[in-house]
Structure formats: structure tokens, C-alpha cells
Amino acid sequence: MLLGMAAPGMHERPDPRPRHCWVTGMPHQVDPFPAVLLGWRQDDHGTWWGRVAYSVPGYFEQNIVHAWVDARYLRPLTPPPTPPAVERRRNPH
Numbered sequence: 001m002l003l004g005m006a007a008p009g010m011h012e013r014p015d016p017r018p019r020h021c022w023v024t025g026m027p028h029q030v031d032p033f034p035a036v037l038l039g040w041r042q043d044d045h046g047t048w049w050g051r052v053a054y055s056v057p058g059y060f061e062q063n064i065v066h067a068w069v070d071a072r073y074l075r076p077l078t079p080p081p082t083p084p085a086v087e088r089r090r091n092p093h
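Okay, so the sequence shown: first residue is 1 according to the numbering used here, each after it adds one.
What follows is the structure, encoded as C-alpha cells:
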């Protein structure tokens with residue numbers, strides 16, 4: 001199965017905007033992981049899953065994980081990040 005494709009019995013709903021969140025409380029997880037939420041899907045039992053990308057510590061470097069995570073392990077980033085100020089620049093020519 002390709003990444004991003006819904007598994008049989010799963011109904012995918014892509015999220016139009018990636019947003020920051022926390023992956024926390026999974027079995028054997030000590031610290032929360034900052035993550036980017038990329039989409040949602042719901043299985044036939046009504047459980048929601050979020051498609052996230054997050055970094056976990058390795059022996060020598062950070063490892064990137066891209067996975068479907070049960071929504072009960074996802075928390076919103078609070079407070080939400082402040083969007084960057086957009087400064088209008090004039091064309092010097």
C-alpha cells in the first residue's frame with residue numbers, strides 16, 4: 001500500500017492545511033513528540049486516525065516517522081502558533 005492511500009475499510013479525508021500538533025501517550029512513549037498533522041481517516045468502527053510526520057530520537061540522530069496515529073494520541077498545539085507578519089515590499093524598479 002502506498003503512503004497516503006486509505007486501507008480497506010478506511011475512509012480518508014485529507015486535511016486542507018497541515019498543522020502542528022503533539023503525539024503523546026502512546027504505549028511506551030515517555031515524552032511528547034512535536035508533529036505535523038497532514039490528514040484524517042476514519043475506520044469502519046468509527047475510530048479516527050491522523051496522518052502525522054514527527055521526529056523521534058535515535059542513537060546518533062533524529063529519525064522521521066510518517067504514520068497513521070489513533071486520534072486519542074494527538075493533541076492540538078496550544079497556544080496555536082502566531083502566523084508570521086507579512087510585510088508588503090515595494091518593487092524598487
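C-beta atoms are modelled at their ideal positions from N, C-alpha and C, and glycine is treated no differently.
Per-residue DSSP class, three states only, for residue i
i: tyrosine 73; result: helix
i: histidine 28; result: coil
i: histidine 20; result: strand
i: aspartate 43; result: strand
Own chain partners of residue i with C-beta closer than 7 angstroms, once the 5 adjacent residues on each side are dropped
i: aspartate 24; result: Note on residue identity: the sequence assigns threonine, not aspartate, to residue 24. For threonine 24, where only same-chain residues beyond five positions count, the Cβ hits under 7 angstroms are Pro32, Tyr73, Arg75.
i: proline 18; result: Val36, Leu37, Leu38
Bridge partner(s) assigned by DSSP for residue i
i: tyrosine 54; result: Ala35, Val65
Beta-carbon proximity check, residue i vs residue j, cutoff 9 angstroms
i: tyrosine 59; j: alanine 35; result: no
i: valine 69; j: glycine 50; result: yes
Among the options, the one whose alpha carbon lies nearest that of residue i
i: histidine 20; options: Val52, His45, Ala71; result: Val52
i: alanine 71; options: Arg41, Gln29, His28; result: Arg41
i: histidine 28; options: Trp48, Asp44, Val56, Asp43; result: Val56
Cβ-based neighbour list, residue i, same chain, cut-off 6 angstroms, excluding 5 preceding and 5 following
i: histidine 66; result: Ala53
Other residues of its chain near residue i: CB distance less than 8 angstroms, five sequence neighbours each side excluded
i: proline 79; result: none
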